[in-house]
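For the sequence shown, the working numbering assigns the number 718 to the last residue and increments by one with no breaks.
Cβ atoms here follow ideal geometry from the backbone N, Cα and C, with glycine treated the same way.
In what follows, a structure is listed as structure tokens, so that the remarks can point back to it.
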Amino acid sequence: LHWAEKTTVIVNVDRLSALAFKVRGRGEGCRHVVYTDSWTSYRAFSLSPLCSQGLFGVPELSGPAGFQMAQHQALREAEFLVHKACTHPPGAVTVETFDQLSDSLCRVADLADFIKVAHPDAAFREAAERTCVEIGTLVEILNTNVDLCQSLKNLLGNEAVLATLDSDTRRVAELFMFDFEISGIHLDESKRSKAVALNVKLLDLYHEFLNGSQLPNAIDKQVLPEHIRHCFSIDGNRVQIGGLHADSPNDLVREAAYKIFLYPNTSLLLCLDELLACRHELATLVGYESFSHRALKGTMAKTPGKIIRATSRDFKMMKEMKKKTHTTNPEVMPWDHAYLSSAIRTEMFNIDPSIYSPYFSLGACMEGLNRLFMQLLGVYFQAEQPKMGELWSEDVRKLAVVHETEGLLGYIYCDFFRRPDKPHQDCHFTIRGGRLREDGVYQLPVVVLMLSLPPPSGRTPSLLTPSMVENLFHEMGHAMHSMLGRTHYQHVTGTRCSTDFAEVPSILMEYFASDYRVLSQFARHYQTGEPLPENLVSRLCESKRACSAADTQLQIFYAALDQVYHGKPQYRSTTDILREVQEKFYGLPYVHDTAWQLRFSHLVGYGAKYYSYLMSRAVASMVWRQCFLQDPFSRVMGERYRREMLAHGGSKEPVLMVQGMLQKTPTIEDFVDALVLDLNANVKSPVLFFNNSE
Numbered sequence: 025l026h027w028a029e030k031t032t033v034i035v036n037v038d039r040l041s042a043l044a045f046k047v048r049g050r051g052e053g054c055r056h057v058v059y060t061d062s063w064t065s066y067r068a069f070s071l072s073p074l075c076s077q078g079l080f081g082v083p084e085l086s087g088p089a090g091f092q093m094a095q096h097q098a099l100r101e102a103e104f105l106v107h108k109a110c111t112h113p114p115g116a117v118t119v120e121t122f123d124q125l126s127d128s129l130c131r132v133a134d135l136a137d138f139i140k141v142a143h144p145d146a147a148f149r150e151a152a153e154r155t156c157v158e159i160g161t162l163v164e165i166l167n168t169n170v171d172l173c174q175s176l177k178n179l180l181g182n183e184a185v186l187a188t189l190d191s192d193t194r195r196v197a198e199l200f201m202f203d204f205e206i207s208g209i210h211l212d213e214s215k216r217s218k219a220v221a222l223n224v225k226l227l228d229l230y231h232e233f234l235n236g237s238q239l240p241n242a243i244d245k246q247v248l249p250e251h252i253r254h255c256f257s258i259d260g261n262r263v264q265i266g267g268l269h270a271d272s273p274n275d276l277v278r279e280a281a282y283k284i285f286l287y288p289n290t291s292l293l294l295c296l297d298e299l300l301a302c303r304h305e306l307a308t309l310v311g312y313e314s315f316s317h318r319a320l321k322g323t324m325a326k327t328p329g330k331i332i333r334a335t336s337r338d339f340k341m342m343k344e345m346k347k348k349t350h351t352t353n354p355e356v357m358p359w360d361h362a363y364l365s366s367a368i369r370t371e372m373f374n375i376d377p378s379i380y381s382p383y384f385s386l387g388a389c390m391e392g393l394n395r396l397f398m399q400l401l402g403v404y405f406q407a408e409q410p411k412m413g414e415l416w417s418e419d420v421r422k423l424a425v426v427h428e429t430e431g432l433l434g435y436i437y438c439d440f441f442r443r444p445d446k447p448h449q450d451c452h453f454t455i456r457g458g459r460l461r462e463d464g465v466y467q468l469p470v471v472v473l474m475l476s477l478p479p480p481s482g483r484t485p486s487l488l489t490p491s492m493v494e495n496l497f498h499e500m501g502h503a504m505h506s507m508l509g510r511t512h513y514q515h516v517t518g519t520r521c522s523t524d525f526a527e528v529p530s531i532l533m534e535y536f537a538s539d540y541r542v543l544s545q546f547a548r549h550y551q552t553g554e555p556l557p558e559n560l561v562s563r564l565c566e567s568k569r570a571c572s573a574a575d576t577q578l579q580i581f582y583a584a585l586d587q588v589y590h591g592k593p594q595y596r597s598t599t600d601i602l603r604e605v606q607e608k609f610y611g612l613p614y615v616h617d618t619a620w621q622l623r624f625s626h627l628v629g630y631g632a633k634y635y636s637y638l639m640s641r642a643v644a645s646m647v648w649r650q651c652f653l654q655d656p657f658s659r660v661m662g663e664r665y666r667r668e669m670l671a672h673g674g675s676k677e678p679v680l681m682v683q684g685m686l687q688k689t690p691t692i693e694d695f696v697d698a699l700v701l702d703l704n705a706n707v708k709s710p711v712l713f714f715n716n717s718e
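As structure tokens, this is what we get:
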């Protein structure tokens, strides 16, 4: 199995040249293959029915009904492990049993969490959704199980036993206790029951809000000017608007899409109100001042802090650009931000994605990643042939991740191409976490990378825009975190760490994706083999600085809104709060009768933690400049990066990992300076930050 090449590309087959894709299978051993530019469909291979398996090789998941079987099996195993934890004398085995319990539930829940959004068959998605709810409900019940908690207290309260535990085991024990505490284990029985009920209710509210945030809004087509109706989906006499159309060159299209797509939905407003109220009630019930205080415990930020305004200089540039190109409304409005930023970059630097895409075939990009990881970490990819039934779509690829001396590290399933009903988003999903099993064998991690790339067409391979390349590198940063986080315990494997640290490895990879020394190793025109000109890369990097202050200010606004929503109750509508926060932290005005917060799906997964993107970017910037800017292929720094940051997952305090990598303790000023350095060179006023742990 290999990347199906349409044109011949000559490359060296020396190992360090990163021709490290290998083929495993059918008794052939391993052999080097030349990288290719599109993927052969698995349908082209004759797979024996005797090799048939379920999704991800789980036998039960050959059909939707298998989720119930897998769920029941996990519940039976959980019952056994709970009994074992409650009856065994305190010791390391207590933590190991807790981790087995976590693993048995996560192996089903994490897989279901992916399938419910990605499988093309609605029956699979619905079965997976039911499993997520059932497992989630059980987890909330276990988090308030007094006997289970007591077994952990017996361990943590026994100094003699604690002295025999290694630091990782002790930290994992403390993390499990933290889960108990934030679930109200210390409360009396009636309040514990209330905490469970609130958590179960929140699961339903999350589902309702996430679904509602994705639904289109409809309007009578007569309301829209006839000359722009064709830009939207028309269903009879109604126009369906399912997005902001932020990249449309027509300002009226952008305005209409913004006002209609963001028009308030009464039931969803009530859902968000109830969601925020439940979160606050739960947080105060278990002893926290607010949900934000509860969510930030154990992170790098520690507590809700201060936010400093960013510069609004870039909005003046946008206004000048709008004057040049539009006359209907000379003022810059929120629906103009993305389009005008792009127009400014195009005018100043002539950044046309179609100029770059021929140099970024998917095969070349994967080869570039392969080469980079080999040089930095001694890690390479092997294409794996899956069993029948293992994949949910025939265009998914399975890669084994192999270390040059340590052997197989884990598996990455690459779900890269667009298809109907597939979410248009780029994500990393953990399917199975790594851990040291009871038999001494390491349980290999399994992840999925889901992108929305254009599929190959005819003799043209999948060609990526610069932003797609950056997203590919970003998500592969998450994957390497999962592969190289060789923790003893599954509970803290890979990306299972504090949210404001989890994005550091992925954002760091974006810096590699913008460095000409890295790109020059693989970016070749898919037809001629011509290397990507250096001046194109220089222009691309310079263009990213254009309007970057305004883009950062937008992120501050999002983060500030998230913090205010999850702080002390405001006793007013979420729209009124939005209007006030937008006026304070964003350079563009609120638009009457819109409710952008109803499309802010990050409120569910990143509640009170949206700031993590900014915090992680600051850390990644410091790591890049101090450790990799001089030599992006440094094996010494690559090994330090693995040893100090990737290897620990969540088993070590994030601040300690950053200190180990930078070999110093960063200050608040260091974080701010790191972000300022990434902005336009003309920006002189201090930018934001919101970590104030004093």
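Item, Value
"Chain C within 8 Å of residue 168, Cβ atoms only", "Looking at the structure shown, chain C is missing, and only one protein chain is on hand."
"Neighbour-count burial assignment, residue 105, 16 or more Cβ in a 10 Å radius", "buried"
"Which residues DSSP lists as bridging residue 566, in chain order", "Its beta-bridge partners do not exist; DSSP assigns none."
"Counted within 10 angstroms of its Cβ, other Cβ atoms place residue 568 as buried (16 or more) or exposed", "buried"
"Separation of residue 472 from residue 677, as counted between CA atoms", "26 Å"
"Segments of 4+ residues assigned as alpha helix (DSSP H) that fall wholly inside the segment 518-566", "523-526, 528-537 and 540-543"
"Pair within 8 Å by beta-carbon distance, residue 219 and residue 207", "yes"
"Whole-angstrom distance between residue 529 and residue 681, CA atom to CA atom", "12 Å"
"Assigned secondary structure, residue 452 (DSSP; H/G/I helix, E/B strand, else coil)", "strand"
"C-alpha distance - residue 702 paired with residue 645, whole-angstrom precision", "8 Å"
"Helix, strand or coil at residue 270 [DSSP, three-state]", "coil"
"Own chain residues within Cβ distance below 6 Å of residue 599, not counting five before or after", "619"
"Residue 259 - DSSP class collapsed to helix/strand/coil", "strand"
"Alpha-carbon to alpha-carbon, residue 455 and residue 447", "18 Å"
"Where residue 60 sits in the DSSP three-state scheme", "Note that residue 60 scores a pLDDT of 44, beneath 50, so its modelled location is shaky; the value from the coordinates is reported in the next line. Note: residue 60 maps to coil in three-state DSSP."
"Cβ-based neighbour list, residue 229, same chain, cut-off 7 Å, excluding 5 preceding and 5 following", "295, 298, 299 and 302"
"Paired residues, beta bridge with residue 441 - DSSP", "477"
"For residue 151 and residue 133, the rounded distance between their alpha carbons", "12 Å"
"Buried/exposed call for residue 267, threshold 16 Cβ in 10 Å", "exposed"
"Inter-residue spacing [alpha-carbon to alpha-carbon] between residue 402 and residue 609", "44 Å"
"Sequence-distant residues of its chain with Cβ nearer than 7 Å to residue 751 (five each side left out)", "The structure shown has nothing for residue 751, since the chain only spans 25 to 718."
"Span of the beta strand (DSSP E) around residue 421", "421-427"
"Buried/exposed call for residue 210, threshold 16 Cβ in 10 Å", "exposed"
"Residue 657 - DSSP class collapsed to helix/strand/coil", "coil"
"Own chain partners of residue 262 with C-beta closer than 8 Å, once the 5 adjacent residues on each side are dropped", "242, 243, 244 and 245"
"Rounded C-alpha distance that separates residue 441 from residue 475", "6 Å"
"Proximity to residue 655 [Cα-Cα], best of 689, 687 and 542", "542"
"For residue 328 and residue 587, believed in contact at Cβ under 8 Å, the rounded distance", "6 Å"
"Enclosing beta strand (DSSP E) for residue 403 [first to last residue]", "403-408"
"Test item: CB-CB of residue 488 and residue 384 under 8 Å", "yes"
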